[in-house]
Amino acid sequence: MAAGGPISNEEIDKLMAAHGIAIPDQLAPRIRDACRTLKTLALTLTKPRVT
Amino acid sequence: MTSLHELSVLEAGRLLRRKELRSTDLARHALERIAALNSTFHAFVLVMADRAMAEARTADAELAAGRDRGPLHGIPYALKDVADVAGTPTTCGSRAFASRVAMRNARIVDQMAEAGAVLLGKLATYELCTVGPDFKTLHPPARNPRNVDHITGGSSSGCAAAVTAGFARITIGSDGGGSIRSPAAYCGCVGLKPTFGALPLDGFQPLSPTLDHAGLLGATVADVALMFDVLTSGSGSASIEQGLSGLRIAHARSWSAGVADEPVQRELDKAVDLLRQHGAQVTEIDIPDYADYEACGTVIIQHEALLTHAGLLAGESAGAIGAMAFQNLVTGVVLTEDDVAEAHRRRGELANAIEKLVFSQFDALLCASTLTTAPRFSDFSGGAPRWTPMRTFPFNVTRHPALALPSGTAPNGLPTGLQIAARHGGEAMLFRIGHAFESSASLRFSLVSGAPAMHSA
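Chains as they are written, first to last, in the numbering used here: chain A, 1 to 51; chain B, 52 to 508.
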């Protein structure tokens, strides 16, 4: 992933392939968007916070 | 005159023991109602009529012979189609599992059989316990009996629909992030996600093993409490009449105020007033943002869901998974070991925060269950999976027990809901508060015959 930037389509496709998952073309845009949303959410967990 | 499907579990049990009613009467009535209405509500995906009548005859014969197995003896129930029943398919609502026949019963099915309960059949679920509604999966999505243009929520969608439609007074579901409590809220019945591990998950299709809970949906708090007691050898149902005097209840109003639909927040605020009138001390508290719990829970559930179904997603049957579930399951590939480790570390912090801020000082925590009434099916016409706004995830993350129950009715005629959480092992406290609220709010659970049917007296 490029430093500070969202995860790219190519990186997502590479990860899918590494898991043996074939993405149907018609679902690819939606899945990539969902992947980027999840990754962004994961990164929010590392931000400092007060509880 | 009370119809048979309107009898509480306790009432039905009393009549059975007085020989004024037979289990076969209850089962036959339920099966006739299912035959007449299931094509409208799609709650059941498998009706086990012959088996149910045979079990009911056995229950009647045992009672006649003086063998009483307890409060569920002769009572019909139904089960989300993610739990195994020997000799029948456990499809999880997926074409990928359409022909997968269970070799043995889930442990909870054996427990219910031992208790003398009568299994009517298996209930609809969002595919693989993920997201929905999806019209292109193995079964049509369950429809909300309060208004069939609206969803039930999920994934225990058939459970809530079956209870609300009067098919089964009690049902068994599962909940990894709100899958029992959001359907309960949307359909206007009671949903219990107990303490993690309180009910056995052996024989259930997993999604996220550290977040999944087996749980119960029923018509009233008393029905659910009685069933929970039977399954856990507990006694919480005996103390539900104790009232609220002296109880200290924290209110996580910040989780819903300003973001919940106005009717949901209004009914929640009215609930606070009512709990105070009945002797509880309700205190609004500062608590970590809901978003923290949701982020933590989402990372864990997506990671574990991918691991659970890795073989399926990479195998020849992947194409049999519906688009919504498939899209949901594969996203976890972007998570690294560090992401997941951080989520688990944060999970510990958030659980400790609830313990310190809430349960060290209060008997229970009150908050919203869902932030809206049940959305319309048409809201999902784009086919993309999306989370409906809920406040259920924190208690999967922290593993505290949580009870969802109706709080009132919105102007659109659909039920609004609230949620109560308690200390680990504190289900009896949930039943006590829930029953007191249910009774004092005069929220009379009524079953659907066609029109929306949540009445506020």
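We treat Cβ as the ideally placed atom computed from N, Cα and C, and that holds for glycine. Just so it is clear, the structure is predicted and the values come from calculations on it, not from any experiment.
> Mind checking if residue 51 of chain A is an interface residue toward chain B, Cβ cutoff 8 Å exclusive?
Replying inline: Reliability of the predicted coordinates at residue 51 of chain A is poor, the pLDDT of 45 falling under 50, and the value obtained from them is presented with this limitation in mind. So, interface residue.
>> Taking the beta carbon of residue 70 of chain B as the centre, do at least 16 other beta carbons fall within 10 Å, making it buried, or is it exposed?
In response: Under this definition residue 70 of chain B is an exposed residue.
>> Using a Cβ-Cβ distance cut-off of 8 Å, determine whether residue 114 of chain B contacts chain A.
In response: no
> Taking 8 Å as the CB-CB limit, is residue 34 of chain A close to chain B?
Replying inline: yes
> What are the start and end residues of each continuous beta strand (DSSP E) run of 3 or more residues lying completely inside the region 91-142 of chain B, in chain order?
Replying inline: 95-98, 127-131
> Taking C-beta to C-beta, are residue 174 of chain B and residue 129 of chain B nearer than 8 Å?
Replying inline: yes
> Does the region 366-378 of chain B touch the region 140-157 of chain B, meaning 3 or more C-beta pairs lie closer than 8 Å?
Replying inline: yes
>> Is there a Cβ of chain A sitting closer than 8 Å to that of residue 350 of chain B, yes or no?
In response: Answer yes: the Cβ-Cβ gap between residue 350 of chain B and chain A drops below 8 Å somewhere.
> Taking DSSP as the reference, what is the three-state secondary structure of residue 255 of chain B?
Replying inline: The three-state reading of DSSP puts residue 255 of chain B in strand, counting E and B together.
>> Let's test the definition: count the other Cβ atoms within 10 Å of the Cβ of residue 424 of chain B and tell me whether it reaches 16, buried, or not, exposed.
In response: Buried is the label assigned to residue 424 of chain B, since at least 16 other Cβ atoms lie within 10 Å of its Cβ.
>> If distances are taken between C-alpha atoms only, which option among B:134, B:443, B:124 comes closest to residue 155 of chain B?
In response: B:134
> Shorter than 8 Å from the beta carbon of residue 394 of chain B to some beta carbon of chain A?
Replying inline: It does; some Cβ of chain A falls within 8 Å.
> Using CA coordinates, which residue listed in B:90, B:88, B:111 is at the minimum distance from residue 78 of chain B?
Replying inline: B:111
>> Output needed for residue 262 of chain B: all residues of its chain with C-beta closer than 8 Å, excluding positions within five of it in sequence on either side, in chain order.
In response: 227, 228, 348, 351, 352, 355, 447, 448
> Could you give the C-beta distance for residue 452 of chain B and residue 408 of chain B, rounded to a whole number, given that I count them as a contact under 8 Å?
Replying inline: About 17 Å separates the two Cβ atoms, so there is no contact after all.
> Which residues, in order along the region 141-173 of chain B, keep a beta-carbon less than 8 Å from a beta-carbon of chain A?
Replying inline: none
>> Within the continuous beta strand (DSSP E) that includes residue 219 of chain B, where are the two ends?
In response: Premise fails: residue 219 of chain B is in no beta strand (DSSP E) and is neither H nor E.
> Since residue 287 of chain B contacts residue 276 of chain B with CB under 8 Å, what's their CB separation in whole angstroms?
Replying inline: 6 Å
> If you draw a straight line from the C-alpha of residue 492 of chain B to the C-alpha of residue 231 of chain B, how long is it?
Replying inline: 22 Å
>> Which same chain residues end up closer than 6 Å to residue 272 of chain B when comparing Cβ atoms and leaving out the 5 residues on each side of it in sequence?
In response: Same-chain partners within the cutoff: 241, 482, 485, 486, 489.
> If we cut at 8 Å on Cβ distances, does residue 20 of chain A have a partner in chain E?
Replying inline: Absent from the structure: chain E. Protein chains present are A and B.
> The beta strand (DSSP E) spanning residue 265 of chain B covers which residue range?
Replying inline: Run containing residue 265 of chain B: 264-269, per the beta strand (DSSP E) assignment.
> Grouping DSSP H, G and I as helix and E and B as strand, with all else coil, what is residue 274 of chain B?
Replying inline: Here residue 274 of chain B sits in helix by DSSP.
> Are residue 469 of chain B and residue 319 of chain B touching if we call contact CB-CB under 8 Å?
Replying inline: yes
> Using a C-beta to C-beta distance shorter than 9 Å, which residues of chain A count as neighbours of residue 181 of chain B?
Replying inline: Near residue 181 of chain B there are no residues of chain A at all, since even the closest Cβ is about 12 Å away, more than 9 Å.
> Can we say the region 243-256 of chain B touches the region 193-209 of chain B, given the rule of at least three CB pairs closer than 8 Å?
Replying inline: no
>> Any beta carbon of chain B sitting closer than 8 Å to that of residue 42 of chain A?
In response: Output row for residue 42 of chain A: interface = yes.
> What three-state label does DSSP hand residue 299 of chain B in the structure shown?
Replying inline: strand
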